[in-house]
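A.B. asks:
There are 2 protein chains.
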Amino acid sequence: MNVTIKDIAEKAGVSYSTVSKALNNSSLVKADTKNNIITIAKKMGYKPNFAAQQLASKKTKVIGLIWPTIERVVLSTLVTKISDEIHKTPYTMILSIEPIQKSLDTFKKFQVDGIILFEENTSIELDTDIPFLSYGVDRRKKRSYPMIDPNHEKAMLKAVKYLYELGHKKIAYIGDLSSTDPMQIEKYNGFIKAINFYRLPQDHTSVINTHGLNWYDGFDAVNQLLGNSYLPTAILGGSYDISGGVIRGLKEKNIHIPDDISIVSYDNIPQMANMEVPLTCIGVPVDHLAKEIVRSTIQLIEGDLQPHQSIKMIPKLQERMSCSDSR
Amino acid sequence: MNVTIKDIAEKAGVSYSTVSKALNNSSLVKADTKNNIITIAKKMGYKPNFAAQQLASKKTKVIGLIWPTIERVVLSTLVTKISDEIHKTPYTMILSIEPIQKSLDTFKKFQVDGIILFEENTSIELDTDIPFLSYGVDRRKKRSYPMIDPNHEKAMLKAVKYLYELGHKKIAYIGDLSSTDPMQIEKYNGFIKAINFYRLPQDHTSVINTHGLNWYDGFDAVNQLLGNSYLPTAILGGSYDISGGVIRGLKEKNIHIPDDISIVSYDNIPQMANMEVPLTCIGVPVDHLAKEIVRSTIQLIEGDLQPHQSIKMIPKLQERMSCSDSR
DNA sequence: AAAATCAATAACAACGTTGTTATTTTCTAT
DNA sequence: ATAGAAAATAACAACGTTGTTATTGATTTT
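From first to last, the protein sequence lines stand for chains G and W.
Quick note: the first sequence uses the working numbering, first residue 9, plus one each step.
Quick note: the second sequence uses the working numbering, first residue 9, plus one each step.
(1) Could you pull out every unbroken alpha helix (DSSP H) segment of at least 4 residues lying fully inside the segment 250–314 of chain W, listed in chain order?
(2) Would Glu310(G) count as contacting chain W if we go by Cβ distances under 8 Å?
(3) Just reading off the alpha helix (DSSP H) that Lys42(W) is part of, what are its end residues?
(4) Excluding the five sequence neighbours on either side, which residues of its own chain have a C-beta within less than 8 Å of the C-beta of Gln326(G), listed in chain order?
(5) At a cut of 8 Å, does the segment 152–167 of chain W reach the segment 312–323 of chain W through at least three beta carbon pairs?
(6) Is the CB-CB distance between His212(W) and Ser270(W) below 8 Å?
(7) What does the alpha-carbon distance come out to for the pair Thr136(W) and Leu86(W)?
(8) At what residues does the beta strand (DSSP E) containing Val215(G) begin and finish?
(9) Using a Cβ cut-off of 9 Å, pull out every chain G residue sitting near Leu63(W), in sequence order please.
(10) On the premise that Ile74(W) lies in contact with Ile123(W), defined as a C-beta separation below 8 Å, what is that separation, rounded to the nearest angstrom?
(11) How far does the alpha helix (DSSP H) with Ala114(G) in it reach, from first residue to last?
(12) Is Asp146(W) helix, strand or coil by DSSP?
(13) Are Ala59(G) and Leu174(W) touching if we call contact CB-CB under 8 Å?
(14) Give the interface partners of Arg256(G) over in chain W, defined as CB-CB distance under 8 Å, in chain order.
(15) What does Gln119(W) reach in chain G if we use C-beta pairs closer than 9 Å?
(16) Quick check: the Cα distance between Val168(W) and Ser247(W), rounded to an integer number of angstroms?
(17) Should Ile13(W) and Val22(W) be called a contact, given that it needs their Cβ atoms to be closer than 8 Å?
(18) Taking the C-alpha atoms as reference points, what is the distance between Arg328(G) and Arg256(G)?
(19) Shortest alpha-carbon distance to Gly245(W) belongs to which of Ile179(W), Asn231(W), Ser187(W), Lys55(W)?
(20) Compare the Cα-Cα distances from Val230(G) to each of Ala298(G), Ile200(G), Pro209(G), Val254(G) and report the closest residue.
(21) Tell me whether Gly183(W) sits in a helix, a strand or coil according to DSSP, three-state version.
(22) Would you please verify whether the beta carbon of Gly252(W) is less than 8 Å from any beta carbon of chain G?
(23) So, for Lys29(W): in the same chain, excluding its five sequence neighbours on each side, which residues have a beta-carbon less than 6 Å away from its beta-carbon?
(24) List the residues of chain G that Lys110(W) touches, going by C-beta distances under 9 Å, in chain order.
(25) Nearest CA to the CA of Thr77(W): which residue from His264(W), Ser111(W), Pro315(W), Ile94(W)?
(26) When burial is assigned at 16 or more other CB atoms within 10 Å of the CB, is Gln109(G) buried or exposed?
(27) Taking buried to mean at least 16 other C-beta atoms within 10 Å of its own C-beta, is Asn236(W) buried or exposed?
(28) With a CB to CB cut of under 6 Å and the five nearest residues on each side skipped, what residues in its chain are close to Asp92(W)?
(29) By the 9 Å beta-carbon criterion, what residues does the segment 97–108 of chain W contribute toward chain G?
(30) Are the Cβ atoms of Asp121(G) and Ile156(G) separated by less than 8 Å?
(31) Tell me whether the beta-carbon of Tyr143(G) lies closer than 8 Å to the beta-carbon of Lys195(G).
(32) Taking CB distances under 8 Å as the criterion, tell me whether Thr305(G) reaches chain W.
(33) Listing by chain order, which chain W residues have their CB less than 8 Å from the CB of Ser34(G)?
(34) Mind checking which residues open and close the beta strand (DSSP E) that includes Gln210(G)?
(35) Using a threshold of 8 Å, state whether the C-beta atoms of Ile309(W) and Pro139(W) are closer than that.
(36) Figure out for me which residue from Phe126(W), Ser104(W), Glu127(W) has the closest Cα to the Cα of Lys117(W).
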């Protein structure tokens with residue numbers, strides 16, 4: 009049987025309520041006794057009974073993360089970072105990979121204090137009174153929950169600006185336009201807006217639809233791109249994996265980066281530095297994203313964040329060696 | 009506030025202990041009253057308080073899955089299937105992606121009834137009295153926990169047998185030999201054993217080390233393979249992703265499957281059917297694997313499985329259109 | 001030196017279940 | 001009809017905490 013506060017109380021010669029207070033560092037108990045109790049507790053290997061705490065306090069210090077589409081890997085780096093980040097706080101994270109409604113049931117059962125939702129397609133209204141926060145594209149409908157938005161539009165603007173200022177006029181976008189995933193749509197829209205903003209000639213702007221976010225989708229896209237009558241001087245890749253395929257495809261055709269063509273990729277993750285060609289990339293650094301998501305969730309739980317508040321993150325361009333001056 | 013059994017008791021005009029029994033379908037309460045109570049409970053939207061149940065019964069009906077390396081995607085299909093499978097039972101699954109020791113702490117806190125461990129490298133002794141089961145290569149050291157082993161050796165034997173009987177004598181293995189992952193090592197060992205078993209000439213047997221399990225590792229491997237003085241008539245791909253890269257690499261070189269070369273891939277997952285060339289594959293079907301893992305875990309929890317018992321699964325060859333007769 | 005104040009600790013009632021024991025009701029056999 | 005057994009229900013003590021209220025003992029105030 010496990011050690012309980014009553015066992016500690018006996019050993020310390022105090023009442024168990026005093027032990028409870030001592031272990032919760034209450035100011036109601038004298039420093040001496042407090043230390044004594046804590047020492048004894050440690051010595052006895054005391055581990056609080058979570059169920060009992062939960063029953064008495066109605067709090068769990070647990071955050072649930074709903075990630076219904078685990079097989080879509082793009083987000084695994086972010087999820088891992090969020091997990092790390094949460095475990096720096098007094099909170100614990102549990103992950104559910106079931107469909108949203110089922111995940112919700114699970115988390116209701118566990119009485120988690122807060123929920124992070126990786127919303128893929130629908131912007132459902134979650135039927136729950138557990139505070140929750142969503143990561144995704146803020147479509148600014150009337151919402152009753154906060155969102156963290158990686159601000160794809162701004163990202164694309166910065167990327168195009170960067171290329172534009174290097175003198176590039178013929179820029180291609182390679183990304184997935186076929187999906188209903190708001191993130192992908194938003195990237196594309198952002199690209200088009202940026203092209204217009206910098207008054208780049210439409211007929212020199214090509215867009216390749218990869219119909220997917222995988223490595224080989226990017227690879228295939230290169231062939232399509234080369235089928236066109238002219239070559240762009242720069243490519244904007246829609247995701248880490250797509251860009252990976254693209255650089256491999258270019259290598260296959262003996263097109264050299266950055267001498268023959270420049271490339272910027274969406275997704276600001278450290279892995280970008282370890283690619284065959286370390287890629288200049290754009291996007292909110294994944295660490296920032298994770299930190300902000302966790303910070304906001306905890307704020308939300310603790311009542312310091314308005315539920316309708318929504319945060320657009322600031323994308324950063326991380327320069328590497330994949331772009332050259334085109335003038 | 010939530011509905012409790014006391015609320016139901018009041019409404020039904022019985023004592024709350026009767027309600028508890030009724031809701032647990034005890035034979036100690038008359039069918040009439042039972043039905044009445046259940047109806048009322050439903051009407052009132054009763055949801056049992058998990059913490060209270062846990063505190064009183066010491067059981068959670070929760071299974072924890074430890075998957076420390078989420079970013080290695082090979083297993084995500086299996087994890088998803090396991091989740092589905094568990095949710096067909098009265099159990100719930102939660103997933104932890106932290107390092108093993110931290111995951112264990114979390115699961116101890118939650119008092120899960122059982123743990124499934126996706127062991128990657130080390131075969132650690134988990135310091136816990138929670139029953140747990142491991143998925144991986146059974147090295148048959150003295151173990152105190154059961155293992156589910158996908159039996160790579162047998163799989164490779166079956167794959168080579170299949171190719172051998174089609175008349176293939178020159179078979180190449182393309183897989184990751186650089187990692188310390190026992191699964192990869194076991195695949196390679198199995199391949200070599202099979203080659204010896206069928207007395208295939210060593211000097212016609214090539215092995216390409218991909219140094220990784222990704223799509224592009226397989227792609228690269230094709231170039232290496234073609235660098236060799238001769239071409240094999242059949243390839244055994246070490247994983248889904250590797251094989252994906254291989255078939256793309258072959259296509260690039262205008263080598264046709266199955267006319268010019270045959271290919272069998274490890275990993276028996278449904279996705280194999282949707283590849284550019286639907287691949288004949290070998291391995292324990294992922295559904296079987298998931299079912300068995302869940303079945304065994306629950307058996308273990310409920311005391312019907314000996315802790316040292318270990319299960320070698322039966323790999324199946326799934327024939328598709330990627331191999332041709334070579335005689 | 002008695003009264004009032006304060007600090008420290010103890011006592012105890014929650015929290016919402018389960019499971020055991022005690023009591024009441026209903027049925028059976030005479 | 002009535003004792004005795006069986007079935008149905010009620011009562012109540014756990015489970016291990018937290019948080020509120022009560023008690024004690026020491027310190028200050030008058």
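Note that CB positions come from ideal geometry on N, CA and C, so glycine has one too.
C.D. replies: Here's the rundown:
(1) 294–309
(2) Reading the first sequence from its first residue, position 302 is the one you call residue 310(G). Glu310(G) does not count as touching chain W.
(3) Residue numbering aside, residue 42(W) sits at position 34 when the second sequence is read from its first letter. Run containing Lys42(W): 39–52, per the alpha helix (DSSP H) assignment.
(4) By 1-based counting over the first sequence, the position of residue 326(G) is 318. Around Gln326(G): Asn276, Met280, Thr288, Cys289, Ile290, Pro293.
(5) yes
(6) Taking the second sequence and counting its residues from 1, one reaches residue 212(W) at position 204. Taking the second sequence and counting its residues from 1, one reaches residue 270(W) at position 262. The answer is no: Cβ separation not under 8 Å.
(7) In the second sequence, residue 136(W) corresponds to position 128, counting from 1. In the second sequence, residue 86(W) corresponds to position 78, counting from 1. C-alpha separation (whole angstroms): 25 Å.
(8) For the purposes of this step, residue 215(G) is taken as the residue at position 207 of the first sequence. Element bounds for Val215(G): 214–217.
(9) Numbered from 1 along the second sequence, position 55 holds the residue referred to as residue 63(W). Per Cβ cutoff of 9 Å: Asn57, Ala59, Ala60, Gln62, Leu63.
(10) Here residue 123(W) refers to the residue found at position 115 when the second sequence is read from its first residue. Here residue 74(W) refers to the residue found at position 66 when the second sequence is read from its first residue. Confirmed, about 6 Å.
(11) Taking the first sequence and counting its residues from 1, one reaches residue 114(G) at position 106. A small fix is needed here, since residue 114(G) is Thr in this sequence, not Ala. First-last of the alpha helix (DSSP H) with Thr114(G): 108–118.
(12) As a working note, residue 146(W) is residue 138 in the second sequence. Asp146(W) falls in the coil class under three-state DSSP.
(13) Reading the first sequence from its first residue, position 51 is the one you call residue 59(G). Reading the second sequence from its first residue, position 166 is the one you call residue 174(W). No; because the gap between Cβ atoms is not below 8 Å, this pair is not in contact.
(14) Mapped onto the first sequence, residue 256(G) falls at position 248. Ordered by position in chain W, the residues that pass the 8 Å Cβ test against Arg256(G) are Tyr224, Phe227.
(15) Position 111 of the second sequence holds residue 119(W). Going along chain G in sequence order, the residues near Gln119(W) (Cβ under 9 Å) are Asn57, Phe58, Ala59.
(16) Locating residue 168(W) in the second sequence gives position 160, counting from the first residue. Locating residue 247(W) in the second sequence gives position 239, counting from the first residue. Roughly 15 Å between the two C-alpha positions.
(17) Residue 13(W) sits at position 5 when you count from the first residue of the second sequence. Residue 22(W) sits at position 14 when you count from the first residue of the second sequence. No, the Cβ-Cβ distance between Ile13(W) and Val22(W) is not below 8 Å.
(18) Your numbering for residue 328(G) matches position 320 in the first sequence. Your numbering for residue 256(G) matches position 248 in the first sequence. Each residue's Cα considered, the two are about 17 Å apart.
(19) Numbered from its first residue, the second sequence carries residue 245(W) at position 237. Checking every option, the nearest Cα to that of Gly245(W) belongs to Ile179(W).
(20) Taking the first sequence and counting its residues from 1, the one referred to as residue 230(G) is at position 222. Closest by alpha carbon: Val254(G).
(21) Residue numbering aside, residue 183(W) sits at position 175 when the second sequence is read from its first letter. Residue state, collapsed to three classes: strand.
(22) Taking the second sequence and counting its residues from 1, one reaches residue 252(W) at position 244. It does; some Cβ of chain G falls within 8 Å.
(23) In the second sequence, residue 29(W) corresponds to position 21, counting from 1. Correct list, in chain order: Leu36, Val37.
(24) Looking up residue 110(W) in the second sequence gives position 102. Those within 9 Å of Lys110(W) in chain G are His95.
(25) For the purposes of this step, residue 77(W) is taken as the residue at position 69 of the second sequence. When each option's Cα is compared against that of Thr77(W), the closest is Ser111(W).
(26) The residue you call residue 109(G) lines up with position 101 of the first sequence. With fewer than 16 other Cβ atoms within 10 Å, it is exposed.
(27) What you label residue 236(W) is simply residue 228 of the second sequence in a count that begins at 1. Classification of Asn236(W): exposed, given that the 10 Å Cβ count is below 16.
(28) The residue labelled residue 92(W) in the question sits at position 84 within the second sequence. Taken in chain order, the list of residues that qualify is empty.
(29) Thr100, Met101, Ile102, Leu103, Ser104, Ile105, Glu106
(30) For this step, residue 121(G) is matched to residue 113 along the first sequence. For this step, residue 156(G) is matched to residue 148 along the first sequence. It is not a contact, given that the beta carbons lie outside the stated cut-off.
(31) Indexing the first sequence from 1 puts residue 143(G) at position 135. Indexing the first sequence from 1 puts residue 195(G) at position 187. Taking 8 Å as the Cβ cut-off, Tyr143(G) and Lys195(G) do not qualify as a contacting pair.
(32) Position 297 of the first sequence, counted from the start, is the residue given in the question as residue 305(G). Judged by the 8 Å Cβ criterion, Thr305(G) is not in contact with chain W.
(33) One-based indexing of the first sequence puts residue 34(G) at position 26. Neighbours of Ser34(G) on chain W: none; closest Cβ ~22 Å, over 8 Å.
(34) Start at 1 with the first residue of the first sequence, and residue 210(G) comes out as number 202. Unbroken run through Gln210(G): none, as it is neither H nor E.
(35) Here residue 309(W) refers to the residue found at position 301 of the second sequence. Here residue 139(W) refers to the residue found at position 131 of the second sequence. Cβ atoms of Ile309(W) and Pro139(W): closer than 8 Å.
(36) Translated into the one-based positions of the second sequence, residue 117(W) becomes position 109. Checked all of Phe126(W), Ser104(W), Glu127(W); the closest Cα to Lys117(W) is Ser104(W).
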